Amino acid sequence: MADKKRIDEATGTSTVGHEWDGIEELNTPLPRWWLWTFYASIVWAAGYVVLYPAWPMLNSATQGMLGWTSRGALDREMQAHAERRAPITSAIAATPLTDLPAKPELMQAAVQGGAAAFRVHCVQCHGAGGAGVKKLYPSLTDDDWLWGGDLASIEYTIAHGVRNPDHKATRVSQMPAFGRDGILDAAQIADVVSHVRVISGQEKPSAAAARGEVLFQANCAVCHGATGAGDRTVGAPKLTDAVWLYGGDRDSLTATIVQPRNGVMPRWGHRLDPVTVKMLATYVYSLGGGEKAPAPAPTSEGQGADGQP
Amino acid sequence: MASPDDLTGENAPLYAARKGVYPKKVDGPFRRFKWAIMGITLAIYYGTPWIRWDRGAYAPDQAVLVDLANRRFYMFQIEIWPHEFYYVAGLLIMAGIGLFLVTSAVGRAWCGYACPQTVWTDLFQHVDRLVDGDRNAQIRLANGPWTFEKISKRAIKYLIYLTIAFWTGGAWIMYFADAPTLTADFWTGQAAPIAYATVAVLTATTFILGGFMREQVCIYMCPWPRIQTAMMDEKSLLVTYKDWRGEPRGSVKKAEAHPGAFGDCIDCNHCVAVCPTGIDIREGPQIGCITCALCIDACDGVMKQVGRPRGLIDYCTLDDAATEKAGGVGKPVMKTLLRPRTLIYFGIWSAIGAAMLFSLGQRTRLDLAVQHERSPLYVQLSDGHIRNNYTLKLRNMETRPRRVAVTVDGLKGAALWTEAGSRETAGQRIEIALAPDSVTRVKLFIAAPGDGPARQDFTIATRGLDGDPRGDSDIIQFDRPEADQ
């Protein structure tokens with residue numbers, strides 16, 4: 333092939349000597365600086381291989397003389413980020429929770445921090461936007477609260493959880509299993525359901541509801557109140573509104589009275605630092621249902637049995 | 316030294332060394348035109364960041380500023396936000412079509428006069444002449460031994476190269492921050508590391524590309540000469556050696572001895588000597604020719620000396636070359652420039668420009684973007700109402716604080732409140748204070764009666780409360796639970 337090398341007449345350039353069905357290639361040389369650039373790249377690569385992790389071995393790659401690792405780089409970045417955040421974090425730590433809404437910038441930072449922590453620790457049950465799961469986990473975005481929707485109450489619930497075994501300060505309430513334990517029979521439960529549906533505006537008053545009211549006053553009013561307004565100090569839900577954690581239709585209400593769920597929420601006070609708990613509280617507060625702190629009541633009444641707000 | 320064009324034989328090298336180019340000094344109309352272009356382009360490049368432009372208290376007072384940190388692009392009275400980047404895209408399209416226009420009309424005029432590589436190479440070649448002398452002195456020095464004179468001249472020359480290169484790199488960063496502040500910060504070591512890195516990189520590239528690579532950039536690295544080949548046609552102006560007039564070449568003496576036997580070219584090689592890319596234009600159109608027209612100046616000077624008409628080397632289209640070769644007269648230049656192709660390019664180019672100017676004049680400086688929160692889509696409120704959450708992005712693109720109202724239309728019984736308010740204080744509209752030249756994010760809660768369609772469209776609108784009632788609106792959905800739930 334090489335003997336076919338010739339000078340192309342049109343360009344005056346020699347061909348490389350190969351020919352494919354009459355098509356030939358001109359031998360246009362690269363500029364020499366191109367070669368130097370290539371050598372420089374080789375030198376650069378050699379240095380890179382020595383300084384940085386490069387050769388894949390059986391278990392890991394060669395270490396490189398600089399000791400650089402991607403995990404190390406991440407650690408450094410995380411460290412630097414924590415240092416950058418430190419002033420805000422300490423300012424949030426130093427500000428009483430109830431004073432945060434008055435400081436919009438600090439509040440905004442706390443809400444953002446809380447949103448990040450929420451995505452890690454809370455979304456598994458409460459959902460990405462805090463909407464909860466129907467008939468399983470409560471929505472945090474509405475205006476109906478079992479344990480109170482002001483900042484301090486939310487923070488307390490996050491720190492101590494709900495119905496945590498072996499934790500004295502936890503939020504705890506227990507609705508009796510009226511059906512399972514035979515406290516009320518099926519007809520009586522149906523009457524109570526009728527009453528609850530009347531006071532929540534879902535049914536018209538009836539004879540069954542009237543019978544149910546008597547039963548309600550005897551069995552339920554102690555926690556849910558005579559009018560069904562609920563009692564946040566014991567986590568008894570309001571029965572007169574449109575928000576139902578476990579459903580407000582006849583079947584759901586019957587199921588709840590027969591055997592309540594008594595849902596559980598982990599406590600986070602011993603797992604997360606106080607600033608994170610504080611930020612979580614501001615985030616949940618900001619979801620749309622946040623309430624103003626209740627007017628200070630007499631100390632004996634204002635707090636729950638265990639100093640719960 | 317072997318050049319790419321004269322490779323012959325079995326032992327042709329695989330890599331071609333650069334052939335030194337030592338362009339000779341020349342004077343003439345094109346050289347003076349190039350001086351003017353160089354002066355203007357360098358003045359624009361170095362000077363623009365220092366022009367001040369008063370925008371009030373809330374915006375920078377630099378006329379041209381690419382504020383990457385705050386994502387703003389300022390150009391005199393025009394301020395571009397990131398979401399308006401299509402204006403920049405439009406400018407780039409105009410630049411592209413502008414290059415098509417110029418190329419189809421006057422060939423590689425960009426390469427020959429205005430390309431930064433050409434301008435800086437030209438500047439560096441002037442430095443060569445200043446330090447080393449003209450062409451012959453440069454060649455002598457390059458080929459000579461490393462005497463004290465050569466070393467000191469090289470040192471001085473590279474020092475001047477470096478100064479120009481540093482100045483070039485330094486001017487670049489001024490477009491990205493307040494120039495006086497950045498200059499002070501730069502010299503006191505307080506500028507951002509990226510500023511120093513940028514200056515270092517651009518100093519190095521200017522030093523290498525302008526001082527040493529020069530025509531190699533045009534011949535080997537730049538894609539534009541290849542693209543231009545496709546843009547040119549037989550009606551594009553090219554720097555042409557009129558071989559039908561010049562050949563056969565012969566000296567003045569020979570021509571006097573044999574009248575009529577020789578052409579006008581006296582083979583003085585002036586055209587080769589002045590060429591900044593080191594080519595011989597008499598070999599015909601070639602990729603190394605950037606059409607700087609310096610050979611026209613050189614040849615015209617020689618023709619004047621020997622008393623022959625100018626224009627042996629001249630701008631000429633391929634069509635005219637054929638006509639003149641056949642003994643005819645080429646078309647006038649204006650007729651070459653104004654033809655359907657260039658006019659169409661110019662039409663497209665100016666239409667884009669006019670459309671952009673028009674839309675710049677029409678754009679409102681208060682912009683609303685609404686996002687419907689999807690998790691959850693709706694919230695059941697205890698009184699039976701339904702609440703939907705929205706995130707409003709209110710862009711106040713004016714450099715003054717503003718007060719605006721946000722209202723809804725088409726949603727019965729709607730009550731609006733923001734994080735700052737509560738449902739108790741909710742009303743038909745909310746008022747929001749907007750910081751100047753910034754985006755304000757507002758979380759908007761809207762509650763409406765629960766009886767209604769599962770999904771309905773309504774309008775959220777905003778308008779200024781401070782004299783300029785223009786505003787913006789967005790159609791968005793309000794969701795309710797499905798009936799069976």
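From first to last, the protein sequence lines are chains A and B. Going letter by letter, the first sequence gives residues 333 to 641 in this note's numbering. Going letter by letter, the second sequence gives residues 316 to 800 in this note's numbering. Quick reminder that beta carbons are idealized off the backbone N, C-alpha and C, glycines included. Source: prediction; values computed, not measured.
Item	Value
Members of the segment 699-715 of chain B near chain A, C-beta cut-off 7 Å	GLY699, ARG702, ASN704
Proximity test, Cβ basis, 8 Å: VAL575 of chain A and chain B	yes
Below-8 Å beta-carbon distance, GLY562 of chain A vs any chain B residue	no
Close-in-space but distant-in-sequence residues of the same chain around VAL443 of chain A (CB under 6 Å, 5 per side omitted)	THR614, TYR615, SER618
Boundaries (first-last residue) of the alpha helix (DSSP H) holding VAL446 of chain B	431-447
Straight-line gap, CYS586 of chain B to THR518 of chain B (C-alpha atoms, nearest Å)	32 Å
Stretch-stretch touch, CB-based, cutoff 8 Å, three pairs: the segment 679-695 of chain B with the segment 732-739 of chain B	no
Segments of 4+ residues assigned as alpha helix (DSSP H) that fall wholly inside the segment 659-741 of chain B	none
Straight-line Cα distance separating LEU553 of chain B from VAL417 of chain B	12 Å
Within chain A, partners of ALA331 of chain B - CB distance below 9 Å	THR360, PRO361, LEU362, PRO363, ARG364
Presumed contact (8 Å Cβ cut-off) between ARG512 of chain A and GLY567 of chain A, rounded CB distance	Not confirmed; about 20 Å, so no contact.
Proximity test, Cβ basis, 8 Å: ASP475 of chain A and chain B	yes
Three-state secondary structure assigned by DSSP to MET611 of chain A	helix
CB of TRP435 of chain B within 8 Å of CB of GLY525 of chain B, strictly	yes
CB contact flag (ALA378 of chain B, ARG367 of chain B, <8 Å)	yes
Three-way DSSP call (helix, strand, coil) for ALA776 of chain B in this model	strand
Pick from B:TYR428, B:GLY662, B:PRO344 that is closest to THR606 of chain B, judged by C-alpha positions	B:TYR428
Segments assigned alpha helix (DSSP H), at least 4 residues, entirely inside the segment 546-601 of chain B	558-561, 567-572, 585-588
Inter-residue CB distance, ASP789 of chain B and ILE775 of chain B (contact presumed, cutoff 8 Å)	5 Å
Stretch pair the segment 593-604 of chain B + the segment 499-516 of chain B: three plus CB contacts closer than 8 Å	no
Close-in-space but distant-in-sequence residues of the same chain around VAL348 of chain A (CB under 6 Å, 5 per side omitted)	GLU357, ASN359
Min CB distance SER753 of chain B to chain A below 8 Å	no
Burial state of THR631 of chain A, where buried means 16 or more other Cβ atoms lie within 10 Å	The predicted position of THR631 of chain A is uncertain, since its pLDDT is 46 and thus under 50; a value taken from the coordinates is nonetheless stated next. THR631 of chain A should be labelled exposed.
Proximity test, Cβ basis, 8 Å: LEU696 of chain B and chain A	yes
8 Å Cβ shell around ASP582 of chain B - same chain, five flanking residues per side excluded	ARG564, GLY565, SER566
CB contact below 8 Å: GLY567 of chain A versus chain B	no
Straight-line gap, PRO626 of chain A to LEU478 of chain A (C-alpha atoms, nearest Å)	15 Å
Beta bridge counterpart(s) of GLN771 of chain B as assigned by DSSP	B:PHE793
Helix, strand or coil at LYS349 of chain B [DSSP, three-state]	helix
Separation of TYR361 of chain B from ALA405 of chain A, as counted between CA atoms	39 Å
Distance between PRO397 of chain B and ARG338 of chain A (C-alpha atoms, nearest Å)	58 Å
Test item: CB-CB of ALA588 of chain B and LYS339 of chain B under 8 Å	yes
TRP502 of chain B, buried or exposed, once every other Cβ within 10 Å from all chains shown has been counted against 16	exposed
Sub-8 Å separation of ARG778 of chain B and ALA720 of chain B beta-carbons	yes
TRP352 of chain A (DSSP reduced to helix, strand or coil)	strand
Boundaries of the beta strand (DSSP E) in which THR418 of chain B is found, first to last residue	Run containing THR418 of chain B: none in the beta strand (DSSP E); it sits in the alpha helix (DSSP H), 401-421.
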